[in-house]
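Residue numbers (our numbering): 276 to 429.
1) DSSP state of residue 403, grouped into three classes?
2) Report the rounded CA-to-CA distance for residue 316 versus residue 333, giving the unit in angstroms.
3) The alpha helix (DSSP H) that contains residue 368, what's its start and end?
4) Helix, strand or coil for residue 277 per DSSP?
5) Any idea what DSSP makes of residue 364, helix, strand or coil?
6) Would you report the Cα separation of residue 378 and residue 322, rounded to the nearest angstrom?
7) Rounded to the nearest angstrom, how far is the Cβ of residue 409 from that of residue 388, given a contact under 8 Å?
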């Protein structure tokens, strides 16, 4: 074993060690990169799940609001009907008169709409007044007949 063999052994051993070190570093770098990619994928998945949860909660809130609106409307309608039924001990004549209030208001608004329409000459005034009275008439008719129809369906 000469000096040349000795130096060759040192150099090739060092080169092999250096190659091993480089290989280890590259392997660790590749593993770290893969872990980061997996972590990024996990974060994206978590973000998608959070967005779905927010959308679901938004839909739940909309449903809860719709239910609350329906319950409030039902409570108002029930209160209105209870008021109409809550005459206590009154003569039948008084009860009948009180039951005619809404139908008479409705009929009165229909007649008022017709009178105003045929009595005004100015088209601008006619249009303004007709819009206001038509709104009130339509609201009364829809409420009176629509509420009664819904009550029958129950």
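Cβ coordinates follow ideal geometry from the N, Cα and C atoms, glycine included.
Inspection of the coordinates gives the following:
1) Locating residue 403 in the chain shown gives position 128, counting from the first residue. The three-state reading of DSSP puts residue 403 in helix, counting H, G and I together.
2) For the purposes of this step, residue 316 is taken as residue 41 along the chain shown, with counting starting at 1. For the purposes of this step, residue 333 is taken as residue 58 along the chain shown, with counting starting at 1. Taken atom to atom, the span from the alpha-carbon of residue 316 to that of residue 333 is near 26 Å.
3) To locate residue 368, count along the chain shown from 1; it is residue 93. That run of the alpha helix (DSSP H) goes 367-374.
4) Looking up residue 277 in the chain shown gives position 2. Residue state, collapsed to three classes: coil.
5) On the chain shown, residue 364 is found 89 positions in, with the first residue counted as 1. Here DSSP, grouped into helix, strand and coil, assigns residue 364 to coil.
6) For this step, residue 378 is matched to residue 103 along the chain shown. For this step, residue 322 is matched to residue 47 along the chain shown. About 59 Å.
7) Translated into positions along the chain shown, residue 409 becomes position 134. Translated into positions along the chain shown, residue 388 becomes position 113. Indeed, because the Cβ distance is near 6 Å, the residues count as touching under 8 Å.
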